[in-house]
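What follows is a set of notes on a single structure, which appears directly below.
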Amino acid sequence: MQSFIKSLIIGAVLAAIGYVIAPMLGAVAGNVMLALGLLLGALIGGLLLGAGGTVGASSEGGSADAASGDMQSIFVGNLAFKARSEELRELFAKYGEVGSVRIMTDRQTRRPRGFAFVEMSPAGATKAIKALDGREFLGRELRVSEGTERKPRG
Numbered sequence: 000m001q002s003f004i005k006s007l008i009i010g011a012v013l014a015a016i017g018y019v020i021a022p023m024l025g026a027v028a029g030n031v032m033l034a035l036g037l038l039l040g041a042l043i044g045g046l047l048l049g050a051g052g053t054v055g056a057s058s059e060g061g062s063a064d065a066a067s068g069d070m071q072s073i074f075v076g077n078l079a080f081k082a083r084s085e086e087l088r089e090l091f092a093k094y095g096e097v098g099s100v101r102i103m104t105d106r107q108t109r110r111p112r113g114f115a116f117v118e119m120s121p122a123g124a125t126k127a128i129k130a131l132d133g134r135e136f137l138g139r140e141l142r143v144s145e146g147t148e149r150k151p152r153g
């Protein structure tokens, strides 16, 4: 994640420099240099990420198993709206390695929708589903089951 932030900073700096210097040189418009700076920042960021950074599908961490694909998705329903990803990670970590936690939010309001997906090692996922389905968490009775692939729309 730090490499991603570094790449964004590099891109922004290159874009700003290009935007300011381009009119002085008179060769290319500032907007073109702004776009080129952002493109160069993205390329440099990609190199930084490829050289040693890791990028996961979730902002809540990952692991070597997550990168190799040995993770199982778990659906967590009837989740309290005040639940935080750190709390869910802690709850599920008792049963095995947690790769990621994603609390789903409404696209327009950005408020929690009351369900989440947790990625865990397969053995831990089986234990967690059995132990946590129907268990009370933050005042709500959780519905925990194996995650399924989303059906394509229309």
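The opening position of the sequence shown corresponds to residue 0 in numbering that gives the first Met the number 0, with each subsequent residue numbered one higher.
For every residue, glycine included, the Cβ atom is placed at its ideal position computed from N, Cα and C.
| Check | Outcome |
| --- | --- |
| Closest Cα partner of residue 87 within the set 125, 153, 118, 149 | 118 |
| Range covered by the alpha helix (DSSP H) that runs through residue 124 | 121 to 131 |
| Backbone secondary structure at residue 145 - three-state DSSP | strand |
| Three-state secondary structure assigned by DSSP to residue 114 | strand |
| Through-space distance from residue 115 to residue 136, alpha-carbon basis | 13 Å |
| Beta-carbon proximity of residue 142 to residue 76, cut-off 9 Å | yes |
| Inter-stretch contact at 8 Å, needing at least 3 Cβ pairs: the segment 98 to 105 / the segment 123 to 130 | no |
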